[in-house]
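The structure appears right after this line, and notes come after that.
Residue numbers (the numbering used here): -6 to 91.
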């Protein structure tokens, strides 16, 4: 990843949540260690060329596409919480039950 690319990603993510990127690097800013200055959300952005979850996600996405469905991946740690992975573009189209 090019130098500064992660800053652009953090800025875009913060903007999508109605905020701005935390200046400097996290807790060095003396504002918050979150990547955004939003008061009610702690946003952490990590940028990598590859993650193991992306391989898993590509498999789920391909299977969902084959069936004409929106892909959702739930990662559950036994005895802990579950984590939801859905594409941002699908969020607008999905109506999830609470």
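Just so it is clear, CB atoms sit at the ideal spot from N, CA and C, and this is done for glycine as well. Being a predicted model, the structure only gives us computed values, none of them experimental.
Counted as a single uninterrupted DSSP element, the beta strand (DSSP E) harbouring residue 67 occupies residues 65 to 69. The region 46 to 53 and the region 65 to 78 touch, with three or more beta-carbon pairs separated by less than 8 angstroms. Taking 8 angstroms as the upper bound for CB-CB distance, residue 33 and residue 14 are not in contact here, some 17 angstroms apart. Residue nearest to residue 39 within the set 12, 86, -1 is -1 (criterion: CA-CA distance). Going by DSSP, residue 4 is part of the alpha helix (DSSP H) stretching over -2 to 9.
In this model, residue 44 and residue 31 are separated by some 27 angstroms (Cα to Cα). Using a 10 angstroms sphere on the CB of residue 12, the tally of other CB atoms reaches 16 or more, which defines it as buried. When only Cα atoms are considered, residue 61 and residue 84 end up about 16 angstroms apart.
Membership of residue 53 in the alpha helix (DSSP H) is indicated by the continuous run 45 to 59.
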